[in-house]
Amino acid sequence: MLINCVAYQDGKRLGEIQPDEIHRYLATPGCFVWVAMLERDAAVLEQMQAQFGLHPLAVEDAKHGHQRPKIEDYGDSLFVVLHLLEPEQDGLRVGEVDLFVGPNYILTIRSHAEQGFQAVRARTESEPELLKLGSGYVLYALVDAVVDRYFPLLDAIETELEGIEDRIFAGSSPRENVEALYGLKQKLGIFRHAVAPLLEAVNNLYGARAPRICADMKDYFRDVSDHLQRLNQTIESIRDTIATAIAVNLSMISLQENETMKRLAAYGALVAVPTMIAGIYGMNFKHMPELGLEYGYYVTVGLMVAIDSYLFYRLRKAKWL
Amino acid sequence: MLINCVAYQDGKRLGEIQPDEIHRYLATPGCFVWVAMLERDAAVLEQMQAQFGLHPLAVEDAKHGHQRPKIEDYGDSLFVVLHLLEPEQDGLRVGEVDLFVGPNYILTIRSHAEQGFQAVRARTESEPELLKLGSGYVLYALVDAVVDRYFPLLDAIETELEGIEDRIFAGSSPRENVEALYGLKQKLGIFRHAVAPLLEAVNNLYGARAPRICADMKDYFRDVSDHLQRLNQTIESIRDTIATAIAVNLSMISLQENETMKRLAAYGALVAVPTMIAGIYGMNFKHMPELGLEYGYYVTVGLMVAIDSYLFYRLRKAKWL
Amino acid sequence: MLINCVAYQDGKRLGEIQPDEIHRYLATPGCFVWVAMLERDAAVLEQMQAQFGLHPLAVEDAKHGHQRPKIEDYGDSLFVVLHLLEPEQDGLRVGEVDLFVGPNYILTIRSHAEQGFQAVRARTESEPELLKLGSGYVLYALVDAVVDRYFPLLDAIETELEGIEDRIFAGSSPRENVEALYGLKQKLGIFRHAVAPLLEAVNNLYGARAPRICADMKDYFRDVSDHLQRLNQTIESIRDTIATAIAVNLSMISLQENETMKRLAAYGALVAVPTMIAGIYGMNFKHMPELGLEYGYYVTVGLMVAIDSYLFYRLRKAKWL
Amino acid sequence: MLINCVAYQDGKRLGEIQPDEIHRYLATPGCFVWVAMLERDAAVLEQMQAQFGLHPLAVEDAKHGHQRPKIEDYGDSLFVVLHLLEPEQDGLRVGEVDLFVGPNYILTIRSHAEQGFQAVRARTESEPELLKLGSGYVLYALVDAVVDRYFPLLDAIETELEGIEDRIFAGSSPRENVEALYGLKQKLGIFRHAVAPLLEAVNNLYGARAPRICADMKDYFRDVSDHLQRLNQTIESIRDTIATAIAVNLSMISLQENETMKRLAAYGALVAVPTMIAGIYGMNFKHMPELGLEYGYYVTVGLMVAIDSYLFYRLRKAKWL
Amino acid sequence: MLINCVAYQDGKRLGEIQPDEIHRYLATPGCFVWVAMLERDAAVLEQMQAQFGLHPLAVEDAKHGHQRPKIEDYGDSLFVVLHLLEPEQDGLRVGEVDLFVGPNYILTIRSHAEQGFQAVRARTESEPELLKLGSGYVLYALVDAVVDRYFPLLDAIETELEGIEDRIFAGSSPRENVEALYGLKQKLGIFRHAVAPLLEAVNNLYGARAPRICADMKDYFRDVSDHLQRLNQTIESIRDTIATAIAVNLSMISLQENETMKRLAAYGALVAVPTMIAGIYGMNFKHMPELGLEYGYYVTVGLMVAIDSYLFYRLRKAKWL
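Chains as they are written, first to last, in the working numbering: chain A, 1 to 321; chain B, 1 to 321; chain C, 1 to 321; chain D, 1 to 321; chain E, 1 to 321.
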């Protein structure tokens with residue numbers, strides 16, 4: 001579905017144009033065309049391929065979707081894939097935006113994601129002197145916007161992890177903790193798949209061999225790369241913490257088992273000792289002087305209570321109870 | 001066994017030819033010969049070696065089979081080994097296809113695999129303008145077909161893993177889960193051995209030092225490499241998840257042990273307390289006033305029931321039962 | 001907040017100057033301006049941007065803060081971010097110092113950290129012949145000071161780890177040990193985030209492609225790099241030790257469980273055997289000669305004591321008690 | 001001990017020569033000398049050093065033995081160390097063969113290994129046209145023979161591992177499994193020490209910077225490298241599987257513990273319940289109507305049997321028994 | 001403390017000289033000065049700095065000590081730090097030797113280590129033709145001596161590990177095993193810190209960019225590098241084995257727990273069954289025909305013994321006892 005199809009000249013918006021006029025604007029010097037599509041649409045995509053002269057392999061990728069983040073250099077144009085992450089009930093939804101970037105055009109195809117790039121377009125239109133720099137700048141603005149949206153999601157994962165940590169050390173609900181850590185690790189995996197390949201790709205945009213389109217934007221892409229490195233570092237750090245937390249949770253489970261066993265033993269002792277004493281005075285020997293004593297029974301029960309009280313005191317002191 | 005032996009001129013099929021005429025077609029300008037063999041056959045292979053002038057080391061490898069995926073550059077020709085994976089009861093069958101690729105010929109030897117490459121041949125024959133590009137294009141078409149067949153198999157592994165995950169967190173059949181995870185890891189190992197060396201090899205087909213045969217196909221091989229990277233990433237991700245799942249399953253086993261122990265202790269308590277009380281009233285003291293009470297026995301049994309009911313209520317509340 | 005704004009000439013302090021005079025001093029040959037700010041302050045920072053002609057991306061980073069340690073080369077100037085670590089109750093506070101380093105100026109912005117750089121300024125002012133070398137030397141002095149402050153903090157972590165190790169092998173408080181190891185690992189993560197990216201960045205200051213500002217200071221920056229490598233090595237070593245310590249602690253927990261179980265079994269035996277004997281002599285058979293014996297009861301109780309004494313002796317010898 | 005000392009001319013065997021004539025044959029154009037020694041022998045080695053002009057550092061290494069696999073380039077000659085692996089009761093015996101390879105000579109020193117290289121010599125002598133290529137070809141033939149002998153040994157390790165896997169999942173003898181896995185890991189370590197450094201060394205024999213002696217053999221050494229990579233991949237794969245198998249075995253041990261505990265609890269219940277009932281009817285209350293019933297005893301014992309039967313049925317259904 | 005201060009000419013010892021004459025000998029062509037110091041001594045070090053013209057950063061490092069092993073190239077001189085390892089009660093003492101190596105001098109500062117380098121000096125003095133090569137050769141001789149001393153220490157660690165392995169599989173003293181493995185890992189860490197950075201540093205002494213001082217010694221330093229690689233490989237191998245051993249020990253602990261539990265259950269059964277039978281015949285039913293039988297008691301006790309004997313036989317067969 002086509003959302004926008006706008007032409008710019010010298011950084012200023014000329015207005016919406018018809019899709020089949022695109023090639024005329026592309027031929028006009030100083031003109032720049034920015035087209036935005038929503039969800040994959042083979043028919044529109046083929047029209048665009050004709051207007052912009054897109055490379056068939058890149059178009060094929062864009063039609064199929066589900067690509068890894070990448071920046072492919074086709075000589076005079078770039079094909080860029082970015083993952084769009086959005087929170088979903090119990091997880092992350094992975095959307096995608098595919099960008100075709102030529103010297104004087106940019107075509108974006110967003111899919112499986114709710115949040116669009118209207119804000120980016122508005123911001124760049126408000127800075128004509130930057131928009132004049134052409135597609136390199138728009139590419140930067142789009143990539144930067146996508147990357148900036150990763151930060152709050154990763155912060156949420158960190159917060160979730162801290163909550164689990166607290167529960168682990170409070171010793172509560174180890175089963176839920178394991179499950180939550182496992183779920184968190186899955187989410188983090190989605191994040192890594194979005195960030196790590198993109199970092200690698202962006203690093204090629206500001207070195208000595210950067211594509212011509214991005215030649216004037218090196219400092220800007222280095223800045224994006226720096227953000228991605230920060231994300232990457234945080235991801236690795238969380239990953240490491242989750243692994244440790246799983247191990248620690250296992251230790252906690254073993255510790256609880258230990259404590260369960262101690263309590264079990266302690267209560268067992270409190271019951272077994274009176275049972276043994278009762279058994280002894282339940283023997284049928286003819287000559288058992290205690291049995292004939294007037295207060296024998298009371299003394300014996302008293303003895304049982306006394307022994308159990310003492311045991312209870314000792315066991316509590318030893319933290320078995 | 002020889003399946004096909006077809007000559008092409010300027011991208012059009014000339015028809016089946018006799019194996020011993022191959023060298024004449026190779027000498028004809030614009031001619032291209034594509035031979036397909038099934039299973040290793042030393043005699044036919046030696047005939048082919050004579051017709052095509054294959055390198056003895058490559059022929060030796062093809063005779064023995066069981067190579068790792070690789071692309072060997074013998075100056076004017078390539079020797080390519082690919083793994084063919086097909087689902088088998090409880091695992092993956094590893095077949096192999098060996099390709100000898102010269103400037104104007106391609107020889108494929110498929111073994112241990114059911115699915116052939118008829119579809120690839122049909123598709124390339126239907127696109128004469130691409131087939132005209134020669135052996136580089138046919139090599140691409142074959143490698144691309146092999147790699148495309150990996151995706152549904154890997155998807156099946158992911159689905160299997162998700163099933164195991166559900167069982168782990170449902171706490172059911174930990175023994176089967178461990179066994180299934182182990183089996184999955186073995187399968188994944190087979191996958192890695194097919195994908196990782198091939199990725200490395202394909203990366204040499206589109207860089208600055210790509211072999212001459214593939215010189216015009218660089219964008220295409222980069223696309224294959226991209227698919228392989230996607231597979232590789234998924235494999236690493238599943239691998240990591242399996243390791244975590246094994247650790248999590250161990251935690252679950254410990255948790256169940258913990259719970260078994262608690263139930264054990266709870267039932268023990270329900271039996272031990274009445275036993276102790278019965279023991280006390282089984283003592284043979286002469287003076288035990290309760291023994292003479294008319295309803296002593298009923299009161300005592302009632303007491304046992306009352307204590308056990310209370311214990312049962314408390315233990316259930318504490319989730320020990 | 002502006003703390004200092006000092007101009008130097010030929011290595012000697014000229015004195016405090018007004019912020020709006022900075023550009024005049026920068027234009028004076030042989031002059032060097034060193035400005036120190038505390039906490040981020042957008043207004044002052046913009047004033048500085050105007051005076052020094054700072055790069056907008058670097059200023060943007062400095063305004064936001066929370067950067068990873070890095071050294072960005074903007075051609076004629078460097079933007080440097082360092083983490084300042086200070087001990088805090090139960091952890092490490094991560095402060096930051098951002099440095100803008102030009103050929104004849106240095107601007108430092110310290111935030112979230114108590115300890116300042118007065119000592120560094122004093123030391124460099126006392127060595128005019130080094131200060132004459134300009135901003136490269138001041139940069140070195142500041143980075144060196146920051147790195148030197150890391151050592152005692154890492155020593156404290158090592159000491160803490162040794163304390164936990166002692167407790168682990170003494171078998172005391174496994175729960176606290178796990179928690180302490182986990183906390184230590186978190187602290188160490190903070191350390192790594194401060195040291196590892198900085199090491200990478202500093203390595204670019206003394207190689208063949210070192211920025212012009214640092215050209216005369218190569219031996220000095222190699223020295224800093226060496227310190228950072230030492231820190232890095234220690235961090236990796238502690239990390240590895242913590243992982244082992246967590247595994248060892250789990251072994252210790254299992255061992256204690258084992259021992260608890262043995263003690264439980266031993267005490268159980270000491271109670272169960274007399275109970276069994278008492279049970280036997282509590283049977284109501286008419287013909288049980290022992291029951292009629294005058295000292296039967298005493299012999300039986302004696303027997304119980306004897307058996308238990310023997311069991312006790314055996315169990316103690318077997319270290320079950 | 002000297003085994004053979006043979007001179008060749010133009011690929012044909014001239015026959016055994018005296019050690020002190022070696023230098024004369026070396027001076028003859030088209031001549032090639034191949035000397036084989038068994039076990040280190042300082043005196044013979046020094047004689048050889050004089051005859052061939054060997055480098056003192058290489059001779060020193062050969063005298064001491066116990067080197068890692070390596071290929072050292074001394075300009076006009078190579079010093080090669082290979083590990084020879086042979087099965088030994090409960091392990092692998094690590095032998096060594098040291099090769100001095102010059103333009104027109106080869107000296108082999110085999111030690112701690114039973115199988116010799118007679119077969120290699122016989123094969124090369126039967127192919128004079130290859131032997132004519134000189135020491136590069138003989139070096140290839142020897143390295144290839146050593147590497148080929150690794151394959152069946154590694155297959156044996158894989159088979160052993162599969163046997164252990166079967167036992168693990170059958171749940172039998174976990175103690176033996178752990179021990180066997182540990183032993184297997186040790187063996188695999190020996191293998192890695194033989195293969196990994198050799199792979200690295202052989203990779204230098206076919207690149208752009210290959211030594212002159214091996215210049216004509218590049219395709220051959222690439223083939224050896226390919227075999228070594230295959231071995232290396234298998235080793236890594238087994239290593240990974242062993243680690244997983246150890247973890248899985250631990251899970252199995254925990255599972256068995258769980259099951260032991262359940263059976264323990266189940267049998268305990270079968271005994272405890274009748275004991276409780278018996279205790280109740282062993283109480284000495286005056287008024288216990290059941291005690292006077294004619295069939296009370298039989299009913300009670302019948303009740304015990306009935307309860308136990310029901311318990312047994314339930315426990316069996318729950319797989320506790 | 002100054003130990004030796006010796007001048008050499010053309011490989012021959014001239015004799016001890018006064019420290020303040022050093023600069024005169026350095027100015028004499030063909031002269032070489034070798035100074036040995038013991039423990040750091042700021043005053044002497046400053047005298048040496050003046051005599052030899054040492055770089056202030058290197059002197060600073062030497063004054064502080066506690067450096068990581070490294071080889072720093074200061075253009076015309078090298079600053080080398082090596083770790084000296086010596087066995088100590090329950091661990092390794094880490095000493096240090098700092099070397100200042102110029103074209104015609106060498107200054108060694110040994111600290112925290114008992115064993116000196118008299119043997120190295122004696123050996124080099126006995127080979128004037130090698131000593132004539134100058135400081136490169138002496139540097140090699142010293143580094144080689146230090147590295148050679150590492151081997152027996154690492155062998156001792158391997159032997160210690162084998163002892164622990166035996167104890168693990170014998171199932172004895174798991175607590176001591178864990179502690180010993182942990183201690184071993186710490187020792188190994190010290191070793192790695194000595195070997196790994198040195199290996200990296202030595203690798204720079206024989207490549208294309210080797211410092212001028214070492215230019216003639218490339219084969220020799222490659223030999224040292226080879227020794228270091230062998231050490232490194234062994235260290236990595238032991239490290240890996242220790243990690244596996246810790247995991248295996250944990251499995252063994254779990255197995256022992258399992259066995260303890262089985263024995264516990266078995267003995268429990270042997271006591272519980274007679275107790276149950278006794279309880280039954282302790283019931284007070286009026287009509288219990290067995291109670292009146294003349295040999296009822298003996299038969300019952302006999303029954304108990306019979307059942308226990310049978311249980312004992314079964315449990316022993318099932319290896320629970």
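A virtual CB, placed ideally from N, CA and C, is assigned to each residue, including glycine.
- In chain order, M1, S111 place their CB closer than 7 Å to the CB of E39(B), counting only its own chain and leaving out the 5 sequence neighbours on each side.
- If you draw a 10 Å sphere on the C-beta of L107(B), you find 16 or more other C-beta atoms in it, and that means buried.
- With a contact defined as Cβ atoms closer than 8 Å, L255(B) and P69(A) miss out at about 38 Å.
- According to DSSP, K12(D) shares a beta bridge with Q9(D).
- Annotation: the continuous beta strand (DSSP E) that includes Y105(B) extends over 105-111.
- Under the criterion of beta carbons closer than 8 Å, Y220(C) and Y140(C) qualify as touching, at roughly 5 Å.
- Proximity of chain E to G279(C) at the Cβ level (cut-off 7 Å) is accounted for by T275, A278, G279, G282, in chain order.
- Close to chain C, meaning a Cβ-Cβ distance shorter than 8 Å, are the following residues of the region 248-259 of chain E: N249, L250, I253, S254, Q256, E257.
- Below the 9 Å Cβ cutoff, chain B contributes G189, R192, H193 as neighbours of S237(D), in chain order.
- In the three-state DSSP reduction, L321(B) falls in the coil class, being neither helix nor strand.
- G116(C) and I253(A) have their C-alpha atoms roughly 46 Å apart.
- Secondary structure within the region 120-148 of chain D: the alpha helix (DSSP H) runs of 4 or more consecutive residues, fully enclosed, are 128-131 (chain order).
- Chain-ordered listing is empty here: chain A has no CB closer than 9 Å to the CB of T244(C), the nearest sitting near 11 Å.
- N4(D) sits in a strand when the DSSP states are folded into three classes.
- A direct Cα-to-Cα measurement between V178(C) and E257(E) gives close to 22 Å.
- The beta carbon of G11(D) is closer than 7 Å to those of P128, E129, L131, K132 in its chain, skipping five residues each way along the sequence.
- Nearest Cα to A215(E) within the set I190(E), R93(E), N232(E), P103(E): P103(E).
- For A196(D), the closest Cβ of chain B is not nearer than 8 Å.
- With 16 or more neighbouring CB atoms inside 10 Å of its own CB, T234(D) falls in the buried class.
- Chain D places a beta carbon closer than 8 Å to that of K70(B), counting this residue as a contact.
- Y150(C) is positioned such that its CB atom lies closer than 8 Å to that of L85(C).
- The Cβ of L264(E) sits closer than 8 Å to at least one Cβ of chain C.
- Setting aside the 5 residues that flank it on each side, I277(E) is surrounded in the same chain by M304, each with a C-beta closer than 6 Å to its C-beta; the list follows chain order.
- Comparing C-alpha distances from Y298(C) to each of R123(A), E259(A), E290(A) shows the shortest one belongs to E290(A).
- Here the alpha carbons of V147(D) and A318(E) stand approximately 47 Å from one another.
- Boundaries of the alpha helix (DSSP H) around R239(D): 218-281.
- Counted as a single uninterrupted DSSP element, the alpha helix (DSSP H) harbouring R175(C) occupies residues 174-203.
- By the neighbour-count definition (other C-beta atoms within 10 Å, threshold 16), K286(D) is an exposed residue.
- Contact between A43(E) and K63(E) is absent: CB atoms are separated by about 11 Å, not below the 8 Å threshold.
- DSSP lists L82(E), R110(E) as the bridge partner or partners of V97(E).
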